[in-house]
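Chemist: Take the sequence shown: its position 84, counting from 1, is numbered 288 in the working numbering, and each next residue is one higher. Got a structure here, written out as structure tokens. Questions coming.
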Amino acid sequence: MQVSTSPMSLAAQRDGSSWPCAIAPIYSGEDGLSGGTRRMTYAKDPDSVPPLGHQADDQAGDALRRIARHATEPSKELLRERLVSRLPELAALDSVPQDARWHPEGDVLTHSLLAADAAAARWDAAPGPIDRREIVVLAALFHDVGKPATTRSDGDSVTSHGHAELGGEIVLRMGGRLGWPDRETTAIAALVRHHMAHVSVQGDPTRRAVGRLSRRLADAGTSLAEWSLVVAADGAARGSASTGSRAEPWLRIASSME
205 MQVSTSPMSL AAQRDGSSWP CAIAPIYSGE DGLSGGTRRM TYAKDPDSVP PLGHQADDQA
265 GDALRRIARH ATEPSKELLR ERLVSRLPEL AALDSVPQDA RWHPEGDVLT HSLLAADAAA
325 ARWDAAPGPI DRREIVVLAA LFHDVGKPAT TRSDGDSVTS HGHAELGGEI VLRMGGRLGW
385 PDRETTAIAA LVRHHMAHVS VQGDPTRRAV GRLSRRLADA GTSLAEWSLV VAADGAARGS
445 ASTGSRAEPW LRIASSME
């Protein structure tokens, strides 16, 4: 495994980040042969991640919420307050590879920190209630939290099928451990779980697809508008491969359905 030398990854290393023993990344050849499909997995089940301790977990959870509400550049505050090294879910993202064709910016941690910054900038361009900013920024920060357990490398190709669904489950467990309000945790988890919904269709989505996604998000206490900000932040956090928001067709069709 090659360790990324991207600025964000190196910053995390200077911050003292290290792989928590319970989620140390391992590569295993599924076919037992050199050069076969290799998979990034947790050394142990994610449920076995050791808590920081009740008080420390609550402090980390409160710090994340404060940064998500107020920081202009959340990545800088996360590194300054050593939250990358304190939170197993963030530390696990460091050096997890991505396909360079779509993610020339570097590893998953780099991408996630850039996404949090992009989400904050987009929210601040048309600001709304501060508690909703918190949900959008945290969803952008943790949108790829399922990648360490799902990433597979086969030659030059790197995939992470199912990372969005797993990420939603991880956020639900993490939010409970960090003392986040249930309603907030549920909304963040839904945004993470559905952040890849737009890739399920070719071209414009159908009205039925838009309606189904809107209902699922609403049932979780969030909205298509907030989902679109997470999708836009994800697309913007790809360095030279940054894209426009692929959520726009969904918003346009949703508007025509009102």
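Just so you know, even glycine gets a beta-carbon here, dropped at the ideal spot from N, CA and C. Keep in mind the model is a prediction, meaning the values are calculated, not measured.
1) Which residue marks the beginning of the alpha helix (DSSP H) containing SER446, and which one marks its end?
2) Helix, strand or coil for ARG356? Go by DSSP, reduced to three states.
3) Counting pairs of Cβ atoms below 8 Å between the region 357-374 and the region 441-450, do you hit three or more?
4) Only counting the same chain, and skipping five residues up and downstream in sequence, which positions put a Cβ closer than 6 Å to that of SER460?
5) Using 8 Å as the cut-off, can you tell me whether the region 296-309 makes contact with the region 343-353, which would need three or more C-beta pairs spanning the two stretches below that distance?
6) Excluding sequence positions up to five away, which residues of its chain have a Cβ less than 8 Å from the Cβ of ALA264?
7) Could you spell out the range, first to last residue, of the beta strand (DSSP E) harbouring THR363?
8) Whose C-alpha, out of ALA422, GLU285, VAL300, is nearest the C-alpha of VAL312?
9) Would you tell me roughly how many angstroms separate the C-alpha atoms of ARG336 and THR447, rounded to the nearest one?
10) Just confirm the distance between the C-beta atoms of ALA323 and VAL341, as a whole number of angstroms; I'd bet it's less than 8 Å.
11) Can you name, in chain order, every residue of its own chain whose Cβ lies under 7 Å from the Cβ of SER238, other than the five neighbours on each side?
12) Quick one: Cα of ILE457 to Cα of GLU430, how far?
13) By Cβ distance, which residues of its chain are closer than 7 Å to MET378, with the 5 residues on each side in sequence left out?
14) Determine the direct distance from the alpha carbon of HIS274 to that of ASP321, and round the result to whole angstroms.
15) Compare the Cα-Cα distances from GLY407 to each of TRP454, ARG270, ARG397, THR426 and report the closest residue.
16) Suppose the cutoff is 6 Å on Cβ atoms and the five residues either side in sequence are ignored; what does the same chain contact list for TRP384 look like?
17) Could you check what DSSP says for ALA441 in three-state terms: helix, strand or coil?
18) Taking Cβ to Cβ, would you say SER427 is nearer than 8 Å to ALA451?
19) Can you tell which of THR314, SER364, HIS365, LEU395 has the C-alpha that lies nearest to the C-alpha of LEU376?
20) Can you tell me which of GLY332, THR410, SER361, ILE334 puts its alpha carbon nearest to the alpha carbon of ALA304?
21) Quick one: using the 10 Å Cβ neighbour count with 16 as the cut-off for buried, is ALA422 buried or exposed?
22) What's the call for ASP328, buried or exposed, on a 16-neighbour Cβ count within 10 Å?
23) Counting C-beta neighbours from all protein chains within 10 Å, is the total for ALA260 16 or more, i.e. buried, or is it exposed?
Modeler: The short version:
1) Translated into positions along the sequence shown, residue 446 becomes position 242. For SER446, there is no enclosing alpha helix (DSSP H), as DSSP gives it neither H nor E.
2) As a working mapping, residue 356 is identified with position 152 in the sequence shown. Residue state, collapsed to three classes: strand.
3) The way I'd put it, the region 357-374 doesn't touch the region 441-450; fewer than three beta-carbon pairs between them come closer than 8 Å.
4) Translated into the one-based positions of the sequence shown, residue 460 becomes position 256. Closer than 6 Å at the Cβ level, and outside the excluded window around SER460, lies no residue.
5) Result yes; three or more Cβ-Cβ pairs closer than 8 Å.
6) To locate residue 264, count along the sequence shown from 1; it is residue 60. Spatial neighbours of ALA264 in its own chain (CB-CB distance under 8 Å, excluding positions within 5 residues in sequence) are listed in chain order as LEU256, LEU287, ARG290, LEU291, LEU382.
7) Position 159 of the sequence shown, counting from 1, holds the residue named residue 363. Taken as a continuous stretch (DSSP letters only), the beta strand (DSSP E) holding THR363 covers 361-363.
8) As a first step, residue 312 must be located in the sequence shown, where it is residue number 108. In terms of CA proximity to VAL312, VAL300 leads the group ALA422, GLU285, VAL300.
9) The residue labelled residue 336 in the question sits at position 132 within the sequence shown. The residue labelled residue 447 in the question sits at position 243 within the sequence shown. Here the alpha carbon of ARG336 sits roughly 24 Å from the alpha carbon of THR447.
10) Taking the first residue of the sequence shown as position 1, residue 323 is located at position 119. Taking the first residue of the sequence shown as position 1, residue 341 is located at position 137. Yes, ALA323 and VAL341 are in contact; Cβ-Cβ is about 5 Å, under 8 Å.
11) Stepping through the sequence shown from its first residue, residue 238 is reached at position 34. Summary for SER238: the model assigns pLDDT 29, below 50, so the residue's position carries little reliability, and this model does not support an answer.
12) Residue numbering aside, residue 457 sits at position 253 when the sequence shown is read from its first letter. Residue numbering aside, residue 430 sits at position 226 when the sequence shown is read from its first letter. Going from the Cα of ILE457 to the Cα of GLU430 covers about 16 Å.
13) By one-based count along the sequence shown, residue 378 stands at place 174. Counting only Cβ-Cβ distances below 7 Å, and skipping sequence neighbours, we find GLU293.
14) The residue given as residue 321 occupies position 117 in the sequence shown. The residue given as residue 274 occupies position 70 in the sequence shown. Computed Cα separation, rounded: 11 Å.
15) Translated into the one-based positions of the sequence shown, residue 407 becomes position 203. Put simply, of TRP454, ARG270, ARG397, THR426 the residue whose alpha carbon is nearest the alpha carbon of GLY407 is TRP454.
16) The residue you call residue 384 lines up with position 180 of the sequence shown. These residues qualify, in order along the chain: GLY265.
17) Walking along the sequence shown from the start, residue 441 turns up at place 237. Reduced to three states, the DSSP call for ALA441 is coil.
18) Mapped onto the sequence shown, residue 427 falls at position 223. Mapped onto the sequence shown, residue 451 falls at position 247. Not closer than 8 Å, so no.
19) The residue given as residue 376 occupies position 172 in the sequence shown. The residue with the shortest Cα to Cα distance from LEU376 is LEU395.
20) Numbered from its first residue, the sequence shown carries residue 304 at position 100. Per the Cα distances, SER361.
21) Position 218 of the sequence shown holds residue 422. Burial call: exposed.
22) Counting from 1 along the sequence shown, the entry for residue 328 is found at position 124. Looking at its Cβ environment, which holds fewer than 16 other Cβ atoms inside 10 Å, ASP328 is exposed.
23) Position 56 of the sequence shown, counted from the first residue, corresponds to residue 260. ALA260 sits exposed, since fewer than 16 C-beta atoms from the chains shown fall within 10 Å of its C-beta.
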